[in-house]
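J.: Residue numbers for the sequence shown follow the UniProt record's numbering, so the first one is 1 and each next one is one higher. The beta-carbon is built from N, C-alpha and C at its ideal position, and this holds for glycine as well.
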Amino acid sequence: GQIGLELNEKVCVGLEGTVAEYGMLAKEDIDEREVLFTVPRKAILHQESSKVSGVLDKEKITLDSASSWVPLLLALLHEYTSPQSFWRPYLSLWNDFRKLDHPMFWSKEERDTLLKGTGIPEAVNTDLDKIHKEYSDVVLPLITKYSEYWTPNIHTLDLYTNLVAFVMAYRLEDDDEDEDEEDKAPNPPMMVPMADMLNHVANHNAQLEFTPESLKMVSIRPICKGEEVFNTYGQMANWQLLHMYGFTEPFPSNSNDTVDIPVSNFFTAARDFELSLLDEKWRLLNQIEGNDAIIFGNQGCLTDSTLNTVLKVFCMSQEEFLDLKENEGWEEDNDEEDTATALSNEGLPKLKTIWKKLIHGAARLTLSCYTESNEVAEEKDDPDKMLMEDKKSLAKLSSRQQRALHVRYGQKSILHKLLELTN
Numbered sequence: 001g002q003i004g005l006e007l008n009e010k011v012c013v014g015l016e017g018t019v020a021e022y023g024m025l026a027k028e029d030i031d032e033r034e035v036l037f038t039v040p041r042k043a044i045l046h047q048e049s050s051k052v053s054g055v056l057d058k059e060k061i062t063l064d065s066a067s068s069w070v071p072l073l074l075a076l077l078h079e080y081t082s083p084q085s086f087w088r089p090y091l092s093l094w095n096d097f098r099k100l101d102h103p104m105f106w107s108k109e110e111r112d113t114l115l116k117g118t119g120i121p122e123a124v125n126t127d128l129d130k131i132h133k134e135y136s137d138v139v140l141p142l143i144t145k146y147s148e149y150w151t152p153n154i155h156t157l158d159l160y161t162n163l164v165a166f167v168m169a170y171r172l173e174d175d176d177e178d179e180d181e182e183d184k185a186p187n188p189p190m191m192v193p194m195a196d197m198l199n200h201v202a203n204h205n206a207q208l209e210f211t212p213e214s215l216k217m218v219s220i221r222p223i224c225k226g227e228e229v230f231n232t233y234g235q236m237a238n239w240q241l242l243h244m245y246g247f248t249e250p251f252p253s254n255s256n257d258t259v260d261i262p263v264s265n266f267f268t269a270a271r272d273f274e275l276s277l278l279d280e281k282w283r284l285l286n287q288i289e290g291n292d293a294i295i296f297g298n299q300g301c302l303t304d305s306t307l308n309t310v311l312k313v314f315c316m317s318q319e320e321f322l323d324l325k326e327n328e329g330w331e332e333d334n335d336e337e338d339t340a341t342a343l344s345n346e347g348l349p350k351l352k353t354i355w356k357k358l359i360h361g362a363a364r365l366t367l368s369c370y371t372e373s374n375e376v377a378e379e380k381d382d383p384d385k386m387l388m389e390d391k392k393s394l395a396k397l398s399s400r401q402q403r404a405l406h407v408r409y410g411q412k413s414i415l416h417k418l419l420e421l422t423n
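1) Determine the contact status of R403 and F251, defining contact as a CB-CB distance below 8 Å.
2) Jot down the residue ranges of each uninterrupted alpha helix (DSSP H) in the region 264–352, minimum 4 residues, whole runs only, in chain order.
3) Classify L397: buried if its beta carbon has 16 or more other beta carbons within 10 angstroms, exposed otherwise.
4) Write down every uninterrupted run of the beta strand (DSSP E) in the region 107–188 whose length is 3 residues or greater and which is fully enclosed by it, in chain order.
5) If you compare alpha carbons, which of C369, F166, I223 and R364 is closest to E32?
6) Under 8 Å, with one C-beta from each stretch per pair, do the region 36–54 and the region 112–131 reach the 3-pair mark?
7) Work out the CA separation of A363 and L285 for me, nearest whole Å.
8) Whose C-beta lies closer than 8 Å to the C-beta of S255 among residues of the same chain, with five residues either side of it excluded?
9) Would you say N199 and M217 are within 8 Å of each other, going by their C-beta atoms?
10) Looking at the structure shown, is S92 part of a helix, part of a strand, or coil, going by DSSP?
11) Provide the residue(s) that pair with V192 in DSSP beta bridges, ordered along the chain.
12) DSSP three-state label for C224, please.
13) Going by C-alpha distance, which of E375, S344, K312 and D323 is nearest L358?
14) Look up C369 in the DSSP assignment and give the residues it is bridged to.
15) Closer than 8 Å is the cut-off here; do at least three beta carbon pairs connect the region 2–11 with the region 24–41?
16) Please go through the same chain and pick out, in chain order, the residues whose beta-carbon is closer than 7 Å to the beta-carbon of L128, but skip the five residues on each side of it.
17) So, at 7 Å on beta carbons, what are the nonlocal neighbours of E182 in its own chain, with the 5 sequence-adjacent residues on each side left out?
18) For the structure I just gave you, are there three or more beta carbon pairs, one from the region 272–287 and one from the region 376–383, closer than 8 Å?
19) Thinking C-alpha only, which one of P193, Y135 and L142 is nearest F86?
20) How long is the line joining the alpha carbons of F267 and N162, rounded to whole angstroms?
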């Protein structure tokens, strides 16, 4: 109340009837474009609204080398452990961060077995290295210097890591351009009371709108009494949701699911066909496209111009390729819409045979990464598919096993579909 947060009386927050922990429910029918709550800017916890904002400002240069999250994390370290904190009522809702179950809290063995092939173990290893390095190089020296605000034996690496997961799961980034001065890093994250109570689904019914004075949660379609109010964190595949937020949408409800096929898998697949100058083509592709992955979603390829380039270069005749190298590029002959259509699920079966074979080969190689044996089962024999269809066995899985299954199976079903379309 004291911070001026306004809540529409048609909604309430609670633990009952929601998909996970806290959530917001409609107590009455809600129309489209109704404001569900308003959070004034002064009620938002960020680096400048914390008691340690002075120190963070003074140490700006030291902090510039770190990620844009570090100032907020330093503020949270102080506010979370200070009994006098203005933010105590808000932060006390999260008295146990161990409930956050991001893969970074799983054992390495669990990640490597349950999430093999999904891309998450590699992403988590990168995160953990970065967190350790940032804590020892930036955070620890700073908190040691300002002992009136922080104590190294309370503000440990362990607490810091927990707060990173908290920020990952509940942060919001302001999309308000006016506040963005030239020299400021792009929109540092902030913690928004009430907004972080809402759960996410791809098929959401509310979204956050920013104004200079406040943030408003607005319904984007009618919501019926008893329905949960869902926000969106953006178009997130299940592997991103699990990595960043610690949850997944049960298969097949996540319409934004995707799978990455490494460009190197197209190169490996190309070796089976007598394509000329393959190694030189691969070197050139690495220069123009880098080593990004090709991303496929439920409707086809989402990085169609990259895939178009990769396929085009691998399949060039010797003459065309030498010509390409001499002219340092080619004329883009087809427009983007055509490429997107050609590489969508509708277009894939109509592609040239060699292009289909390369996509097919790369998809098979990607599928082989999910198992120790590198075997690719037919879709009907896929153990994950059998598990998904066996309600009894499914119910026996732990929460981690279930979420990992949703990620794996969502990715594999996109790959199986791709095999079918390019057969």
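T.: The relevant details are as follows:
1) no
2) The qualifying runs are 278–289, 304–314, 318–327 and 336–342.
3) Classification of L397: exposed, given that the 10 Å Cβ count is below 16.
4) 171–173
5) I223
6) Cβ pair count under 8 Å is below three, so no.
7) 19 Å
8) A202, N203 and N298
9) Cβ atoms of N199 and M217: not closer than 8 Å.
10) It is helical.
11) In DSSP, V192 forms no bridge with anything.
12) coil
13) K312
14) C369 is not bridged to any residue.
15) The region 2–11 is in contact with the region 24–41.
16) M104
17) Low local confidence applies: a pLDDT of 48 at E182 is under 50, so the model's placement there is unreliable, with the coordinate-based value given in what follows. Answer for E182: no residue qualifies.
18) no
19) P193
20) 40 Å
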